[in-house]
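Q:
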Amino acid sequence: MSETLPACEACGGIQSQGLTTWHRRCSACGLETAAFTAHIDQREGPDIDEDERELALRPIREANFDTLLAWLLDQPELRNRKGGKLRLLDVGCAHGWFLERAAANFEAFGIEPDAEVARRTMARGLPVRRGYFPDALDADETFDVIVFNDVLEHIPDVVSALRRCHERLRPGGVVVVNAPDRRGALYRLASVLVRWGMNGPFDRLWQKGLPSPHLYYFDSKSLSTAARGAGLDVTVSRRLPTLLARGLYSRIRCSGDVSRAKALFLVAGILPLVPALKVLPSDITVWILARKG
Ligand SMILES: [Zn+2]
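The numbering of the sequence shown is this note's numbering, which starts it at 1 and goes up by one.
What follows is the structure in structure tokens.
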């Protein structure tokens, strides 16, 4: 007799065993979860050099941040707002790249739980507080925009996290969730490979063994379901490009356990796929959530 899995966090539906021992799926809303424990302060797994990782991810992220910001500013909720700059909170702001780009249009600040990353970002003069959401905030602080860039899928109990957002939103405010999407081409490919006994890409997409792995993989249905449980509605969403050719080599190398020769071999294999990835379903989606009704 198989063990009974806990009910789906988003809809209360029945979860079934997924593709690995730690992977689960809700048959009703499609939410995918991992039975990992999140410990951002704990250093375990491959030792990723922070500087190299910073360089590797930068071109991909910055292009997507500019697309996201232009689109966000064009949303009716924000476009028609009067008065001074809107107040934006970047949860898990890491190196502050999004803050730098948002500063022109928003009164933006970030919170970052990793002490060393927060220290470095503060040292560059960016407005950052060290800590978790919402504990790092003052009791009465509210925002026009709360942003999660590759962050929400790492936070345990997603419905509670979204409920805390609801409490912190000003009238007409929005939550922005920028997260990996289970409908993406890379995720689907990794899901096929794991059925063939190749767990590597699937484990990597979930960031298994890293200090702060992914606990969720969303799509529009499961995120809408989780949002409704927190008093929020998904108003609009859009896909962002999965991968750019620029920065690919260092992105592969920075995982720590990949040799120079193997990284070059992988780049040679992946580069021809880049045009295909532009037409296949993207692995990144941005959802905008507003208060219900
Ligand atoms: Zn569900």
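Where is the CB? At the ideal position from N, CA and C, for every residue including glycine.
Because the structure is a prediction, the values reported are computed rather than measured.
Considering Cα atoms alone, identify which of G200, C29 and L99 is closest to I14.
A: Out of G200, C29 and L99, C29 has the C-alpha closest to the C-alpha of I14.
Q: Given this structure, state the Cα-to-Cα distance separating F202 from R182, to the nearest angstrom.
A: Answer to the nearest angstrom: the Cα atoms are 11 angstroms apart.
Q: In whole angstroms, what separates the C-alpha of N64 from that of R101?
A: About 11 angstroms.
Q: Once DSSP output is grouped into helix, strand and coil, what is the label at Y187?
A: DSSP places Y187 in helix when its eight states are reduced to three.
Q: Anything with a beta carbon under 5 angstroms from a heavy atom of ligand 1 counts; list them all in chain order.
A: Cβ-based neighbours of ligand 1 within the cut-off: C8, A10, C11, G13, C26, A28, C29 and L31.
Q: For T235, collect the residues of the same chain with a Cβ closer than 6 angstroms to its Cβ; drop the 5 residues on either side in sequence, then sort them by chain order.
A: Excluding residues within five positions, the ones whose Cβ falls inside 6 angstroms are I288 and A290.
Q: Identify every run of the alpha helix (DSSP H) within the stretch 158-209, keeping only runs that are complete inside it and at least 4 residues long; order them along the chain.
A: Segments of the alpha helix (DSSP H) lying fully in the stretch 158-209: 158-168, 185-195 and 200-205.
Q: Could you check how far apart the C-beta atoms of A35 and T225 are, in whole angstroms? I think they sit under 8 angstroms.
A: Not really, about 20 angstroms apart at Cβ, beyond 8 angstroms.
Q: Within 10 angstroms of the Cβ of E112, are there 16 or more other Cβ atoms? Answer buried if so, exposed if not.
A: Per the 10 Å Cβ criterion, buried.
Q: How big is the Cα-Cα spacing for V194 and L19?
A: Each residue's Cα considered, the two are about 7 angstroms apart.
Q: DSSP on A81, reduced to helix/strand/coil?
A: Checking the sequence, you will find Arg at residue 81 rather than Ala. Note: R81 maps to coil in three-state DSSP.
Q: Who are the near neighbours of F98 in its chain, counting only those whose CB is closer than 6 angstroms to its CB and skipping five residues on each side?
A: For F98, where only same-chain residues beyond five positions count, the Cβ hits under 6 angstroms are F65, D90 and N149.
Q: Are the beta-carbon atoms belonging to Y216 and T21 less than 8 angstroms from one another?
A: Cβ atoms of Y216 and T21: not closer than 8 angstroms.
Q: Can you tell me which of L240, G92, A7 and P134 puts its alpha carbon nearest to the alpha carbon of L162?
A: The shortest Cα separation from L162 among L240, G92, A7 and P134 belongs to P134.
Q: Throw me the rounded Cβ distance for the G295 and R87 pair, which I believe falls under 8 angstroms.
A: Residue 295 falls outside the range modelled here, since the chain spans only 1 to 293, and no answer is possible.
Q: Please report the residue range of the alpha helix (DSSP H) in which F98 lies.
A: Run containing F98: W97 to A102, per the alpha helix (DSSP H) assignment.
Q: Near T285, which residues of its chain fall below 6 angstroms by C-beta distance, leaving aside the five closest residues on each side in sequence?
A: Answer for T285: D181, S237 and R239, listed in chain order.
Q: Going by Cα to Cα distance, which pick from L223, T4 and I146 is closest to G92?
A: Checked all of L223, T4 and I146; the closest Cα to G92 is I146.
Q: By how many angstroms is the C-alpha of V176 removed from the C-alpha of L126?
A: Each residue's alpha carbon lies about 21 angstroms from the other.
Q: Based on the DSSP secondary-structure assignment, which residues constitute the bridge partners of L289?
A: L289 pairs with V175 and V234.
Q: Within a Cβ cutoff of 7 angstroms, which residues of the same chain sit near R61, ignoring the five residues on either side of it in sequence?
A: These residues qualify, in order along the chain: W97.
Q: Could you spell out where the beta strand (DSSP E) holding E112 opens and where it closes?
A: Per DSSP, E112 belongs to the beta strand (DSSP E) from F106 to E112.
Q: Which whole-angstrom value is the C-beta distance of A190 and L205, which I expect to be below 8 angstroms?
A: Rounded, the Cβ-Cβ distance is 5 angstroms, consistent with contact.
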